[in-house]
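Chemist: Before anything else, here's the structure in question.
There are 2 protein chains.
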Amino acid sequence: MKTYLDCIPCFFQQALQTTRMVTSDERKARKVLDEVGAMIKGFSLDSPPPENGRLMYKKIAEITGNPDPFKEIKRKYTDAALKLYPFLKQIVVQSEDKLFAAIKLAIAGNVIDFGAKSSLMKSPGEFDLEKEAKEAVKKNFVLLDYENFKESLLASSEILYIGDNAGETVFDRVLIEELGRPVIYVVRGKPIINDATYEDAIEADIHRVARILSSGVDAPGTILARCSDEFRKEYDSAQLVISKGQGNYETLSAEERPIFYLLKVKCPVIAQEMGVEVGGMVLKQAKWD
Amino acid sequence: MKTYLDCIPCFFQQALQTTRMVTSDERKARKVLDEVGAMIKGFSLDSPPPENGRLMYKKIAEITGNPDPFKEIKRKYTDAALKLYPFLKQIVVQSEDKLFAAIKLAIAGNVIDFGAKSSLMKSPGEFDLEKEAKEAVKKNFVLLDYENFKESLLASSEILYIGDNAGETVFDRVLIEELGRPVIYVVRGKPIINDATYEDAIEADIHRVARILSSGVDAPGTILARCSDEFRKEYDSAQLVISKGQGNYETLSAEERPIFYLLKVKCPVIAQEMGVEVGGMVLKQAKWD
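Residue numbers (this note's numbering), protein chains in the order written: chain A, 41 to 329; chain B, 41 to 329.
Here it is in structure tokens:
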């Protein structure tokens, strides 16, 4: 998916929010906005947003001197989600269709996203995970390819599960436990926004239910050209890929392979791209032969 | 009031929206964002947002070749408000406190603002003026200096009323008709966003109830240093100033004179500055001896 011009005001919002998380020095924040402003000319609209976001977050790290501004936030939401884990399991156990309930919960966890935000000037959002989980279970999907998903799942001996945010990882674990197949869980290669890295996945106990693999990427998405050979090998031979969240969708939406995108629609650009409303839950399959 | 860093993402949003109103050529929109990006470094945070906005809108006009992108929009909302005029008058007539009702309606009209917007990617907003008017009448103020306003009004032989947006002008007319004093109605010197100019005020029949005066300013606010001598003379000797909307507040908030700011709070920056919530109705007096 390409970068829309509409992504650009949002980049500035993210830049400001991220900088303020690591410093109260407004001069640094000013410098970040000045520098990001000067970078706009160099952004390629043919690239997906995470490719341009990658450049921007590098610049922020350079100016603030902090390569992992969301470290505390990531731990906080992983801890909160771990506390919620028994509750999530209980929801699944009590559901008639356990797999379907687990998918909904995995999407509920996708709310923990500090990249896609639309309200200005709010301090970093407080996500109410329990409320989100309860609502997701009752809610209908805006796009749903569940029958095909089940079919693909049955036909696959192993699943490549590309994770998104820290904390969401725990919700992913609940789904992984319902897949009934060996899973490779993919994390980012370096800290980027609040996306899950190897360390974050370990904290969420993902290693108990899956093999954790880094994509090698330092962007908030899966930019295939930047992925490690090890990841590419797994990806190219995967029978079924689960792609979580907007950033992975943005970078993998043009792929014609057995991919299912699981996400909560959090921004108007993705909503327009998918032809749905902001806030919707999506389980959508890629086109492939 | 100074420009907050939070204004900068909003500037980009406004730039994109404005450009798309006059052209479907996304290359032009791209050029606008590139150029505005490069301008950020030159923005003064010590200036109020309309001073920086002025520079940005000049750049947009230069790139698109259109100095008045909101011309149609302004006419549309003036026409819609004129149709609503009898209904507004009816509300006032049926109210126990007619002045208070007219103030609320004048603030309801302040919703017609194409500068302050917070949702990305929406096509230019459709404002439901009738709904806004009905809601305003029932709603309470978040800041209200009504007793002092009435006192100042009684003590003044003439009022300087600084207007804001086209269409809102008609709502202002309803208030002017309840003030019971001669009024000078101030408009912008040149088209800027959807702010009312002399022509727009005439279309709203303001000349039937007030003397229309241009501030001489080409910014979405009343930047005193850029105002005409004629305006400054009236302003400096005014016994009572009514300042409508955010842009006028942003440029006049530091003034220690008998000014009453009437506005609907439309953005988080103004909300923070005033210590209230977005959406609130404000009738606030300046500090003066």
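For every residue, glycine included, the Cβ atom is placed at its ideal position computed from N, Cα and C.
To which residues of the same chain is B/Ser268 closer than 6 Å at the C-beta, ignoring the five residues directly before and after it?
Modeler: Against the second sequence, residue 268 of chain B aligns to sequence position 228. The answer, listed in chain order, is Gly256.
Chemist: Let me know the secondary structure DSSP gives B/Ala277 once reduced to three states.
Modeler: Numbered from its first residue, the second sequence carries residue 277 of chain B at position 237. With the sequence shown as reference, residue 277 of chain B is identified as Ser, and Ala is not the correct amino acid for it. If DSSP states are grouped into helix, strand and coil, B/Ser277 belongs with the helices.
Chemist: Determine which residues of the segment 257 to 288 of chain B have a Cβ less than 9 Å from any Cβ of chain A, and write them out in chain order.
Modeler: Correct list: empty, as no residue qualifies.
Chemist: Residues of chain A with CB closer than 8 Å to the CB of B/Arg14, please, in chain order.
Modeler: No information on residue 14 of chain B is available, as it lies outside the stretch 41 to 329 that chain B covers here.
Chemist: Pull the bridge partners of B/Asn205 from the DSSP assignment, please.
Modeler: Residue mapping note: residue 205 of chain B aligns to position 165 of the second sequence, counting from 1. The partner list for B/Asn205 (beta bridge, DSSP) reads B/Asp235.
Chemist: Only counting the same chain, and skipping five residues up and downstream in sequence, which positions put a Cβ closer than 7 Å to that of B/Tyr238?
Modeler: Locating residue 238 of chain B in the second sequence gives position 198, where the first residue counts as 1. Result list for B/Tyr238: Val227, Ile252, Ser254, in chain order.
Chemist: Under 7 Å Cβ to Cβ from A/Ala148, same chain only, skipping five residues before and after it: list those, please.
Modeler: On the first sequence, position 108 is the one that residue 148 of chain A refers to. Glu172, Ala173, Ala176, Phe211.
Chemist: Determine the burial state of A/Gln134: buried for a count of at least 16 other Cβ atoms within 10 Å of its Cβ, exposed for fewer.
Modeler: Numbered from its first residue, the first sequence carries residue 134 of chain A at position 94. That one is exposed.
Chemist: My assumption, with CB atoms under 8 Å, is that B/Ala21 sits in contact with B/Leu200. Please give the rounded CB distance.
Modeler: Since the displayed chain B opens at 41 and closes at 329, residue 21 of chain B lies outside it and no answer follows.
Chemist: Run down chain B in chain order and give the residues with a C-beta less than 8 Å from the C-beta of A/Glu296.
Modeler: On the first sequence, residue 296 of chain A is found 256 positions in, with the first residue counted as 1. Correct list: empty, because the minimum Cβ distance to chain B is about 26 Å.
Chemist: Are the segment 212 to 225 of chain A and the segment 120 to 134 of chain A touching by the rule of at least three beta carbon pairs closer than 8 Å?
Modeler: Touching, per the Cβ criterion.
Chemist: Would you kindly work out how many angstroms separate the C-alpha atoms of A/Met161 and A/Thr63, rounded to a whole number?
Modeler: By 1-based counting over the first sequence, the position of residue 161 of chain A is 121. By 1-based counting over the first sequence, the position of residue 63 of chain A is 23. Unreliable positioning characterises A/Met161 in this predicted model, as indicated by a pLDDT of 35, which lies under 50. The coordinate reading is nonetheless provided below. If you take the alpha carbons of A/Met161 and A/Thr63, they lie about 15 Å apart.
Chemist: Looking at the C-beta of B/Leu95, does it have a partner C-beta in chain A at a distance below 9 Å?
Modeler: Here residue 95 of chain B refers to the residue found at position 55 of the second sequence. So no, B/Leu95 is outside the interface.
Chemist: Roughly how many angstroms separate the alpha carbons of A/Tyr186 and A/Arg297, rounded to a whole number?
Modeler: Locating residue 186 of chain A in the first sequence gives position 146, where the first residue counts as 1. Locating residue 297 of chain A in the first sequence gives position 257, where the first residue counts as 1. One C-alpha to the other measures close to 17 Å.
Chemist: Please decide whether B/Phe52 counts as near chain A, where near means a Cβ-Cβ distance under 9 Å.
Modeler: Within the second sequence, the letter at position 12 stands for residue 52 of chain B. Yes, B/Phe52 lies at the interface with chain A (some Cβ there is under 9 Å from its Cβ).
Chemist: Rounded to whole angstroms, what's the CA-CA distance from A/Pro231 to A/Asn106? Just pull it up for me.
Modeler: What you label residue 231 of chain A is simply residue 191 of the first sequence in a count that begins at 1. What you label residue 106 of chain A is simply residue 66 of the first sequence in a count that begins at 1. Approximately 11 Å, taken between the alpha carbons.
Chemist: Say whether chain B places a C-beta atom closer than 9 Å to the C-beta of A/Met41.
Modeler: Taking the first sequence and counting its residues from 1, the one referred to as residue 41 of chain A is at position 1. No, because no Cβ of chain B sits closer than 9 Å to the Cβ of A/Met41.
Chemist: Output, in chain order, the set of chain B residues within a Cβ distance shorter than 8 Å of A/Lys81.
Modeler: The residue labelled residue 81 of chain A in the question sits at position 41 within the first sequence. Here the neighbours are Asp74, Gly77, Ala78.
Chemist: Rank A/Gly285, A/Asp153, A/Ala265, A/Lys284 by C-alpha distance to the C-alpha of A/Asp276 and give the top, closest one.
Modeler: Translated into the one-based positions of the first sequence, residue 276 of chain A becomes position 236. Comparing Cα-Cα distances from A/Asp276 to each of A/Gly285, A/Asp153, A/Ala265, A/Lys284, the minimum goes to A/Ala265.
Chemist: Which same chain residues end up closer than 6 Å to A/Glu295 when comparing Cβ atoms and leaving out the 5 residues on each side of it in sequence?
Modeler: As a working mapping, residue 295 of chain A is identified with position 255 in the first sequence. Cβ within range, chain order: Ala326.
Chemist: Between which residues of its own chain and B/Ile152 is the CB-CB distance below 6 Å, once the five residues before and five after are set aside?
Modeler: For the purposes of this step, residue 152 of chain B is identified with residue 112 of the second sequence, where counting begins at 1. So the list reads Tyr117, Phe167, Asn205, Gly207, Glu208, once near-sequence residues are dropped.
Chemist: Taking only three categories from DSSP, how would you classify B/Ile310?
Modeler: By one-based count along the second sequence, residue 310 of chain B stands at place 270. Three-state DSSP puts B/Ile310 in a helix.
Chemist: Grab me the residues of A/Glu80's own chain with a C-beta within less than 6 Å of its C-beta, minus the 5 sequence neighbours each way, in chain order.
Modeler: Here residue 80 of chain A refers to the residue found at position 40 of the first sequence. The amino acid at residue 80 of chain A is misidentified as Glu; the sequence shows Ile. The answer is none, since no qualifying residue turns up.
Chemist: What are the residues that DSSP puts in a beta bridge with B/Met321?
Modeler: Taking the second sequence and counting its residues from 1, one reaches residue 321 of chain B at position 281. Answer is B/Phe181, B/Lys304, bridged to B/Met321.
Chemist: In chain order, what residues of the same chain have a beta carbon less than 6 Å from the beta carbon of B/Glu243, not counting five sequence neighbours either side?
Modeler: Sequence index remark: in the second sequence, residue 243 of chain B carries index 203 (1-based). The answer, listed in chain order, is Thr118.
Chemist: List, in chain order, every chain B residue whose beta-carbon is nearer than 8 Å to that of A/Pro88.
Modeler: Along the first sequence, read from residue 1 onward, the residue named residue 88 of chain A stands at position 48. Going along chain B, no residue has its Cβ under 8 Å from A/Pro88, so there is no contact; the nearest lies around 17 Å.
Chemist: Taking 9 Å as the threshold (C-beta atoms), are B/Pro89 and B/Cys47 in contact?
Modeler: Working through the second sequence from its first residue, we reach residue 47 of chain B at position 7. Working through the second sequence from its first residue, we reach residue 89 of chain B at position 49. Yes; because the gap between Cβ atoms is below 9 Å, this pair is in contact.
Chemist: Is A/Ile202 closer than 9 Å to A/Ser293 when the C-beta atoms are compared?
Modeler: Taking the first residue of the first sequence as 1, we reach residue 293 of chain A at position 253. Taking the first residue of the first sequence as 1, we reach residue 202 of chain A at position 162. No, these two residues do not count as a Cβ contact at 9 Å.
Chemist: Just the chain A side, please: which residues come within less than 8 Å of B/Leu56 by C-beta, in chain order?
Modeler: Sequence index remark: in the second sequence, residue 56 of chain B carries index 16 (1-based). Residues of chain A passing the Cβ test: Leu45, Asp46, Ile48, Pro49.
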